[in-house]
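Please read the structure below before turning to the comments.
Number of protein chains: 2
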Amino acid sequence: MAKITHVSPLAPAGFPDLPVIAGAEFSALAAGVKYQGRKDVTLMRLAPGSTVAGVFTRSATRSANVLDCQAKIGADSDAGAAFIVNSGNSNAFTGRAGEGSVAAICDAVAEATGLPAARVFTSSTGVIGERLPHERITAKVNDLVAALSPAALDDAAQAIMTTDTFAKGATAEVVIDGQPVKIAGIAKGSGMIAPDMATMLVYIFTDAVIARGALQAMLSELTDLTFNNITVDSDTSTSDTLLMAATGASGVAVTQDSGTFREALHGVMLDLAHQVVRDGEGATKFVEVAVTGAASDADARTHALAIANSPLVKTAVAGEDPNWGRVVAAIGKSGAAADRDLLSIRFGDVLVAEKGWVAESYREEDGAAYMKNPELVIGVDLGLGDGAAQVWTCDLTHGYITINADYRS
Amino acid sequence: MAKITHVSPLAPAGFPDLPVIAGAEFSALAAGVKYQGRKDVTLMRLAPGSTVAGVFTRSATRSANVLDCQAKIGADSDAGAAFIVNSGNSNAFTGRAGEGSVAAICDAVAEATGLPAARVFTSSTGVIGERLPHERITAKVNDLVAALSPAALDDAAQAIMTTDTFAKGATAEVVIDGQPVKIAGIAKGSGMIAPDMATMLVYIFTDAVIARGALQAMLSELTDLTFNNITVDSDTSTSDTLLMAATGASGVAVTQDSGTFREALHGVMLDLAHQVVRDGEGATKFVEVAVTGAASDADARTHALAIANSPLVKTAVAGEDPNWGRVVAAIGKSGAAADRDLLSIRFGDVLVAEKGWVAESYREEDGAAYMKNPELVIGVDLGLGDGAAQVWTCDLTHGYITINADYRS
């Protein structure tokens, strides 16, 4: 693992002021799971009555933690809940021992909090295939419970980091029926996803009153517009986990149809998703790929991901090269419908190609000047229908190679 | 385009001695399409009675040349045929003008050779989206015809190169019914495929007598075991073309069921395919991914390509890091069936992981020592069925970034 010595040039100016979400408490401590001298375990406790929803990686080799969360997430309960997260070891591909580690942690948290073990959700992030020294975590559970505070979500954001170069948080407040409702979330991740050191974890909290089913439906739907539309390197983690809890402490009821709440939650999730891309390993450019005019939304997403995952597009962006031919090639290989003579390509506002060829108005120097921006939009219109999608990615640089080609230990 | 100043460290010791294939003639000249001071146009003429088959990119934005070849390839004809190839410009995404360029070249070759234009097959490779200055090619057609020689296939191998660091050729001779039959082929390509400068082109010739349908069936089937199972960077060209001609000059009849001929052709195609990988942009390691025990051959190929295309696996190989966790993650994301507790992973003969965890016998120093080899085999057994596949790739290095992130012009 190359030592990260500086913060991503695409990082936000600072970590946001996260509000207290009544009914949610947080603590973080150094347990020495792998890293020394930094907080690496965090506990999040939700008050009785909280509803919990989650979205998880579809990897066939997902971790014992993910499998355990998935088994528990669909149950209704008024007992409250706890999330416990460690960094430094992903507990993935650790055989039956991995399942034992999850059980040991859940039991310890259950005993210390009085919660049923079925309401304890665990996440682990870090190296794959090494036994999780869960006894280092269980030894700290009582201390974690004692340290719980409504104001420590920023500590949690620090403790879940692995190769991240900055902590990631986002928040929103909306007024529903004259009452304020708050949302606050944290995330980690700097590859999408460098599976041995940088899986993506996201935890979001609100004080709204939302039924579990409605929360799950909204979270799943918005994940498809946010976290499922970011890519750093096309690699998928064995540990990706998004958990959201609604404590209900505001007393404000929100249904699945609440546009105001949905929009605010969408904003928080998109902000966190973009921060993960901004911390992409080696990233120097933040790129939105916006596809319109596709035969369907699914086709639009297929095209957008083909462009965003193309090593040749990503290296062209790194080189500030307006190499629209590589965009054409990515569209061609995606497998989704395209017609050479109907598609158009824009770099920002610069029309680059249309009608099956370079645009008459296009001047190479305009494209080259545009590519010097740190934030870019590659726009593609297929001219076929109403399908649209947005995907966010970063460039592929020497930094990515340096981070990932260096020896692991 | 970064200047290529040295030959790939994975290159074969030298270019093979290609035999004369009676009925096939070749010439190559400098036409200045883009490159100056080197041969960049090649003509290949096949005698009357030759059969021709082809396999082409499935890209939705494939070049005018590919579309024209596809329209012509299925026709029977005794007239003979010609292949004409230029490097430096791919004539892809050049709108209606691209079709005009193809027609102009075909007409010029038809006039100079007496062939019908329907028997002239063109390929162009190089930058996308710039008008092909076809007049520079047509101006050389008479000279190309005058220079045709049965012994100039090696010249052709040179003339079709773009970012290739070495010319690629392969040959085989087999005895069928007591008579010798020869096969000789050339290829270009150093990304799979860097679409703006390094599409893959392959031309294979034999003196066997083979019906067009049988030749096409054999070529398509063997492509799925060779050229369709190599990947440098997961990017697909708009120009990939494989053309094969059987001149029949040996008088030896070969059917689709001829195991001897099929095996020899398979060997030539695999050799050329491996040479393309060995010339992968920035490559320092040649990697075979061998998957067995999958639920089906298709599943095996899906897993193998997921591993071979994973930037994290490829950077680990570059760093000589036996990071089998990344192999696990690639299997998990592939979408094909896998069971954590049944799969096993080997680096060469070193058993790395089995039964859902690191193998008891595995020592990290054994894995690390193995990874220092320039040629590696990553073996995966799924433990599910009889499905198997082999895929070949190279590592992802700073060299790839340097070649592709530099400014195009």
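Each protein sequence line maps, in turn, to chains A and B.
Everything in the first sequence is counted per this note's numbering, starting at 1 for the first residue and increasing by one.
Everything in the second sequence is counted per this note's numbering, starting at 410 for the first residue and increasing by one.
Glycine included, C-beta positions come from ideal geometry on N, C-alpha and C.
- [ ] Assuming residue 689(B) contacts residue 641(B) (C-beta within less than 8 Å), just tell me the rounded distance between them.
- [x] 4 Å
Open item on the list: Since residue 692(B) and residue 804(B) should fall inside the 8 Å C-beta cutoff, what is the C-beta to C-beta distance between them, to a whole number of angstroms?
Closed with: 6 Å
Open item on the list: Restricting to Cα atoms, I'd like to know which of 80(A), 27(A), 81(A) is closest to residue 160(A).
Closed with: 27(A)
TODO: Starting from residue 410(A), follow its DSSP beta bridges and name the residues at the other end.
DONE: Here chain A comprises residues numbered 1 to 409, so residue 410(A) is not present and cannot be evaluated.
Task: Residue from 706(B), 714(B), 755(B) whose Cα sits closest to the Cα of residue 742(B) - done: 714(B)
Open item on the list: Assuming contact is defined by CB atoms lying nearer than 8 Å, are residue 560(B) and residue 429(B) in contact in what I supplied?
Closed with: yes
Open item on the list: Below 8 Å on the Cβ atoms is my contact criterion, and I expect residue 532(B) with residue 648(B) to pass it. Report the Cβ-Cβ distance as a whole number of Å.
Closed with: 7 Å
Open item on the list: On a Cα-Cα basis, can you pick out the residue from 485(B), 501(B), 456(B), 490(B) that is closest to residue 476(B)?
Closed with: 501(B)
Task: Segment limits, alpha helix (DSSP H) that includes residue 403(A) - done: 398-405
TODO: Ignore the nearest five residues each way along the sequence and tell me which others in residue 763(B)'s own chain have a CB closer than 8 Å to its CB.
DONE: 752, 753, 754
Task: Whole-angstrom C-beta distance between residue 709(B) and residue 700(B), which should lie under 8 Å - done: 4 Å
Open item on the list: Does chain A have any CB closer than 8 Å to the CB of residue 764(B)?
Closed with: yes
TODO: Identify every run of the alpha helix (DSSP H) within the region 523-562 of chain B, keeping only runs that are complete inside it and at least 4 residues long; order them along the chain.
DONE: 543-547, 550-556
Open item on the list: Among 384(A), 126(A), 362(A), 9(A), whose alpha-carbon lies nearest the alpha-carbon of residue 538(B)?
Closed with: 362(A)
- [ ] Please report how far the alpha carbon of residue 404(A) lies from the alpha carbon of residue 721(B), in whole angstroms.
- [x] 7 Å
Task: Inter-residue spacing [alpha-carbon to alpha-carbon] between residue 193(A) and residue 779(B) - done: In this prediction, residue 193(A) scores a pLDDT of 45, lower than 50, which makes its location untrustworthy; the coordinate-derived value is nonetheless stated afterwards. In a straight line, the C-alpha of residue 193(A) is about 26 Å away from that of residue 779(B).
TODO: Could you pull out every residue in the same chain whose Cβ sits closer than 6 Å to the Cβ of residue 423(B), ignoring the five residues on either side in sequence?
DONE: none
Open item on the list: What are the residues in the region 307-330 of chain A lying within 8 Å of chain B by C-beta distance?
Closed with: 309, 310, 311, 312, 315, 316, 318, 319, 320, 321, 323, 324, 325, 326, 328, 329, 330
- [ ] Step through the CB atoms of chain B and report whether any lies within less than 8 Å of the CB of residue 128(A).
- [x] yes
Task: Proximal residues of chain A, C-beta to C-beta of residue 751(B) below 7 Å - done: Within 7 Å Cβ-Cβ: nothing; residue 751(B) doesn't reach chain A, min ~11 Å.
- [ ] Might you give, ordered along the chain, the residues of its own chain that have their beta carbon closer than 7 Å to the beta carbon of residue 744(B), omitting 5 neighbours on each side?
- [x] 711
Open item on the list: Count Cβ pairs between the region 241-255 of chain A and the region 50-65 of chain A that sit closer than 8 Å; are there 3 or more?
Closed with: yes
Task: Residue interval of the alpha helix (DSSP H) (run including residue 681(B)) - done: 668-687
Open item on the list: Relative to the C-alpha of residue 167(A), which candidate in 157(A), 216(A), 272(A), 22(A) has its C-alpha closest?
Closed with: 157(A)
Task: Selection of the region 490-511 of chain B by Cβ proximity to chain A, strictly under 9 Å - done: 499, 501, 502, 503, 504, 505, 506, 507
Open item on the list: Please state whether the Cβ-Cβ distance between residue 585(B) and residue 543(B) is less than 8 Å.
Closed with: no
Open item on the list: Counting beta carbon pairs with one atom in the region 656-675 of chain B and one in the region 612-627 of chain B, are three or more of them shorter than 8 Å?
Closed with: yes
- [ ] Could you tell me which chain A residues have their CB closer than 8 Å to the CB of residue 813(B), listed as they occur along the chain?
- [x] 311, 312, 315, 316, 319
Open item on the list: Under 8 Å, Cβ to Cβ, is there at least one residue of chain B near residue 333(A)?
Closed with: yes
- [ ] Take residue 155(A) and list the residues in its own chain whose beta-carbon comes closer than 6 Å to its own, dropping the five residues that flank it on each side.
- [x] 28
TODO: Compute the beta-carbon to beta-carbon distance between residue 479(B) and residue 465(B), rounded to the nearest angstrom, for a pair I have assumed lies under 8 Å.
DONE: 6 Å
Open item on the list: So, under 8 Å CB-CB, residue 541(B) and residue 571(B) are touching, yes? Tell me the CB distance rounded to an integer number of Å.
Closed with: Not really, about 14 Å apart at Cβ, beyond 8 Å.
Open item on the list: Measuring only the C-alpha atoms, how far is residue 308(A) from residue 225(A)?
Closed with: 15 Å
- [ ] For residue 553(B), decide whether its Cβ has a neighbour in chain A, counting only Cβ atoms nearer than 8 Å.
- [x] no
Task: residue 197(A) (DSSP reduced to helix, strand or coil) - done: Residue placement at residue 197(A) cannot be trusted, given a pLDDT of 38 that sits under 50; what the coordinates show is reported in the next sentence. Residue 197(A) falls in the coil class under three-state DSSP.
Task: Sufficient close CB pairs (3 or more, under 8 Å) joining the region 109-121 of chain A to the region 73-80 of chain A - done: yes
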